[in-house]
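J.: So for the sequence shown, this note's numbering puts the first residue at 443; every next one is plus one. Heads up, the beta-carbon is just placed ideally off N, CA and C, and yes, glycines get one too.
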Amino acid sequence: MSREAQQETDLAHQIFESNYISRDLSWMQFNSRVLDQAKHTDRSIFDRMKFLSITASNLDEFCTIRLGSLYNYLDYGKERYDYSGLREDPFRKYLLSIIQKFVAEQCEYFSDVLKPLFAKNNFNIINYPSLGSEDKARVDLYFQRTVYPMLTPMLFDNYHTFPVLKNNRLLFGVVTKAANDLQNQLRVSFIQVPSNIPRFFEILNKDNSISFVSIEDIVRNNIHHLFRNIEIVSINLFRINRNGDFTLEESEDIETNFLEELKRKLQTRRTGRVVRLDVEENPDPWMMRLLKIQWDLDDQNIIIIPKEAMIDFTGINQIVNHVEFKSKRFQPRPPIKPITFPELGTRDLFDVLKERDILLHHPYNSMEPLLEMLEKAADDPYVLSIKITIYRLAKESRISAALLRAAENGKHVSVLFEVKARFDEENNLREAQKLQKAGCFVIYGVSSLKTHTKLLLIVRNEPERVYRYVHLSSGNYNETTARFYTDIGLLSTNETYAHDVSEFFNVITGHSSPTSYVNLIASPNDMRKQLCELIRNEADHARKNLPSGIIIKLNSIQDKELIDELYAASCAGVRIKLIVRGMCSLRPNRKGLSENIQVISIVGEFLEHARIYYFQNNNSPKIYIGSADAMVRSFDRRVESLFMLEQQKLQKQAKNILDFNLRDNVNSYIMLEDGSYRRKESNGEPPFNAHREFFNVTEESVQRVNLF
């Protein structure tokens, strides 16, 4: 075994010894589960390519934020211990080795498995040299007329400073030397491939198949037009990830300093230190030495991409979403059976909510009732005010349009716009300013906290009395993602919910600090404390041989204090089932620590986004739903909320969601003690795909559900 392999083995052993799993290593395991979706042979080639593209986008964000965050410690000499117990530099090397292996797996699967299937599906990705003369002439004409005018060689030598190369862009490093240079001096010019034109040039063939020629291949084979009378030594394709992690400082002047600080920080994403370099195989060694010195990189940061693969798989979305392949792309969805709101389209939602609460489970229930209610409220003369928290909006958002119209109609509209929503900052800032100009009262976040809660309050002065209509949800007010994120939301006129939500908005928009809510658990003050108390309560029941049990469904779990309480409850005999889509720092199935804890992850057609906390509570269940994961940031640095379901019928619906998730044997992965995952085995049971079965939920199945 080589020295490097032995060191990696030793580090892996040290990581396994810890009772906590590294957040970052666990996230890499999650992305591997997404990549596994691309390997499902029962999916269409386009669906498989979609999942491969998602893994590339995920990894870009991970390197920009999480790897970037690690470099904030490394570059400034700050001490950092990972949950695995490793210091910052050993952990960096181990993490980057995992990233390199993951990218190698992506590339191998694309070139060896997916590419051979392209021709069978009426398309292909073809290299420029393989084009016939007629097609080559068309491509060259496209280059001359469209691409060539957009290209700008940026020379770096003794007289030119090193250019600022953009993040997540395809780049060429062209090494040249002058023909009459007796010293044989090398120089390098950088060319940024345009990102505002399609990744592929499309050629419709006589047999109606489509050939796709990549923009980088077109540029590479025409790059000599930019270097006349100069010898080109090498042409090197590469791409960089920059550190995009930053912390917004608390500002007293929200309206000016805060927004200006945000704008400045957004600029740093474009110039932050390079943390990852993808480069096509056999790069010029002289150029690579230069880049490593310029960006302070070593071999761990550099990922070699085989020529048979491609740099940046997000580009294949052009093929995935091509209109010609629409009918072949994805399985059609079954029709929705709206048992939660069967009156959809026949009765006014305002009237129905006076009679009962409604629990919507997206995408199995449409978001349309909520959108229609908000749009009606914008024009309704009875509606006095609308208050809402916004984290991410759809493009051409109906939510935003309704709020604008409500303000124009003279209603009081308060909008808490979270302008720190990662990678949506600029869009949110633009939309928030548009609403503000229309007369809405806009709050740009709460000091240094990120507002992640999802709440809506509509106040309506009706003939008999004033009603408060509330919506509490796990999902963003985004009609686009509501079609493929699984989320859960409550619509109600219950005065207890209405009081809690009104109090919560007073905290957000004003200077109020209520001592407690009735059905709401909020952060950053009380959420960790109350959830830990609920877990301890189950442990007490188990010690007294009373019915106990915990089921938690969420995106991520990382908070050590809450994990320790789950460990203690497991040791007390509480059966604990965790449905954690992504990152999980809890280590299950460890003897004497977590033998009663089972962790599964569901990754499939829809992105699991709902959060449900279920406590058996001596057969008097307490069930909370909301926006919060069990993470340090959720408890300490975010404005979050969880709300308790009161009505037994709604509790049954939430229990049915958990039951279907636990029964799933198509999209589920079992987490092992070492932090790895394996696909859940059917053990002779018929396939149960929760992402399909939820379309067939009946009242009878909901009433029959029994979790413990």
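Less than 8 Å between the CB atoms is what I'm expecting for Ile-645 and Val-655, so what's the real figure, rounded?
T.: Ile-645 to Val-655, Cβ: 7 Å. Contact.
J.: Alpha carbon to alpha carbon, what distance is there between Glu-838 and Arg-847?
T.: The alpha-carbon atoms of Arg-847 and Glu-838 are separated by roughly 14 Å.
J.: By the 10 Å Cβ neighbour count, where 16 or more other Cβ atoms means buried, how is Pro-811 classified, buried or exposed?
T.: Result: buried.
J.: If I'm right that Lys-1019 touches Leu-1104 with Cβ under 8 Å, what's the distance once you round it to whole angstroms?
T.: Rounded, the Cβ-Cβ distance is 6 Å, consistent with contact.
J.: Determine the DSSP secondary structure at Asn-1131, reduced to helix, strand or coil.
T.: Correct three-state label for Asn-1131: coil.
J.: By DSSP, does Gln-634 sit in helix, in strand, or in coil?
T.: Reduced to three states, the DSSP call for Gln-634 is strand.
J.: In this structure, does DSSP put Val-884 in helix, strand or coil?
T.: Strand.
J.: Do you know how far the Cα of Asn-936 is from the Cα of Leu-795?
T.: Going by the C-alpha atoms only, they are around 9 Å apart.
J.: Return the first residue and the last residue of the beta strand (DSSP E) that Asp-740 is part of.
T.: Run containing Asp-740: none; DSSP gives neither H nor E here.
J.: Grouping DSSP H, G and I as helix and E and B as strand, with all else coil, what is Ser-464?
T.: The answer is coil: DSSP assigns Ser-464 none of H, G, I, E or B.
J.: Helix, strand or coil for Tyr-1119? Go by DSSP, reduced to three states.
T.: If DSSP states are grouped into helix, strand and coil, Tyr-1119 belongs with the strands.
J.: For Ile-745 and Gln-548, I'd like the C-alpha separation in whole angstroms.
T.: Taking the straight line from one Cα to the other gives about 12 Å.
J.: From Phe-978 to Ser-842, what does the alpha carbon distance come to, in whole angstroms?
T.: First, the residue type needs correcting, since residue 978 is Arg and not Phe in the sequence shown. Rounded to whole angstroms, Arg-978 to Ser-842 spans 42 Å at the Cα level.
J.: For the structure I just gave you, are there three or more beta carbon pairs, one from the segment 607-615 and one from the segment 631-639, closer than 8 Å?
T.: Result yes; three or more Cβ-Cβ pairs closer than 8 Å.
J.: Quick one: residues in its chain with C-beta nearer than 6 Å to the C-beta of Asp-929, no 5 flanking neighbours on either side, listed in chain order?
T.: Closer than 6 Å at Cβ, skipping near neighbours: His-804, Ser-916, Gly-917, His-1051 and Ala-1052.
J.: Just the C-alpha distance for Ser-1110 and Arg-1121, rounded to the nearest angstrom, thanks.
T.: Cα to Cα, Ser-1110 sits roughly 6 Å from Arg-1121.
J.: Asp-1106: buried (16+ other C-beta within 10 angstroms of its C-beta) or exposed?
T.: Result: buried.
J.: Work out the CA separation of Ile-993 and Ile-999 for me, nearest whole Å.
T.: Approximately 13 Å between the Cα atoms of the pair.
J.: Go ahead and pull the three-state DSSP assignment for Ile-457.
T.: DSSP places Ile-457 in helix when its eight states are reduced to three.
J.: Which residue spans inside the segment 993-1030 form an unbroken alpha helix (DSSP H) run of at least 4?
T.: If we require 4 residues or more, the alpha helix (DSSP H) runs fully inside the segment 993-1030 come out as 1002-1013.
J.: Measure the alpha-carbon distance for Leu-798 versus Lys-876 and round it to whole angstroms.
T.: Here residue 798 turns out to be Arg, not Leu, going by the sequence shown. When rounded, the distance between both Cα atoms is 36 Å.
J.: Alpha carbon to alpha carbon, how far is Arg-872 from Ile-496? Give it in angstroms, no decimals.
T.: Straight-line Cα distance between these residues: approximately 26 Å.
J.: Counting C-beta neighbours from all protein chains within 10 Å, is the total for Arg-475 16 or more, i.e. buried, or is it exposed?
T.: Arg-475 should be labelled buried.
J.: Report all residues from its chain with a CB closer than 6 Å to the CB of Glu-694; omit the five preceding and five following residues, and keep chain order.
T.: Note on Glu-694: pLDDT 37, under 50, position unreliable in the model; the coordinate value appears next. Counting only Cβ-Cβ distances below 6 Å, and skipping sequence neighbours, we find nothing.
J.: Tell me the DSSP secondary structure of Asp-568 in three-state form.
T.: The question names Asp, but residue 568 is Ile in the sequence shown. Reduced to three states, the DSSP call for Ile-568 is coil.
J.: Cβ of Glu-1082 less than 9 Å from any chain C Cβ?
T.: In the displayed structure, chain C is absent; only one protein chain is listed.
J.: Give the DSSP bridge partners of Ser-965, in chain order.
T.: Bridge partners of Ser-965: Glu-1082.
J.: Please state if the CB of Val-1147 and the CB of Lys-1091 are separated by a distance shorter than 9 Å.
T.: No.
J.: Within the same chain, show all residues whose beta-carbon is closer than 7 Å to that of Thr-938, passing over the 5 residues directly before and after it, in chain order.
T.: Closer than 7 Å at the Cβ level, and outside the excluded window around Thr-938, lie Val-960 and Asn-961.
J.: Could you check the C-alpha separation between Glu-446 and His-455 for me, to the nearest Å?
T.: One C-alpha to the other measures close to 14 Å.
J.: Apply the 10 Å Cβ neighbour rule to Trp-469 and answer buried if 16 or more other Cβ atoms are within range, or exposed otherwise.
T.: Flag for Trp-469 reads buried.
J.: Starting from Leu-898, trace the beta strand (DSSP E) in both directions and tell me its first and last residue.
T.: Where Leu-898 is concerned, the enclosing beta strand (DSSP E) stretches over 896-903.
J.: Pull up the DSSP beta-bridge partners for Val-617, would you.
T.: Val-630 and Ser-676, per the DSSP bridge assignment.
J.: Check Phe-859 in the structure and name its three-state DSSP category.
T.: Phe-859 falls in the strand class under three-state DSSP.
J.: Hey, quick one: how far does the alpha helix (DSSP H) through Ser-495 stretch, first residue to last?
T.: Counting along the chain, the alpha helix (DSSP H) containing Ser-495 begins and ends at 487-504.
J.: How would you call Gln-448, buried or exposed, if buried means at least 16 neighbouring beta carbons within 10 angstroms?
T.: When all chains shown are included, Gln-448 counts as exposed.
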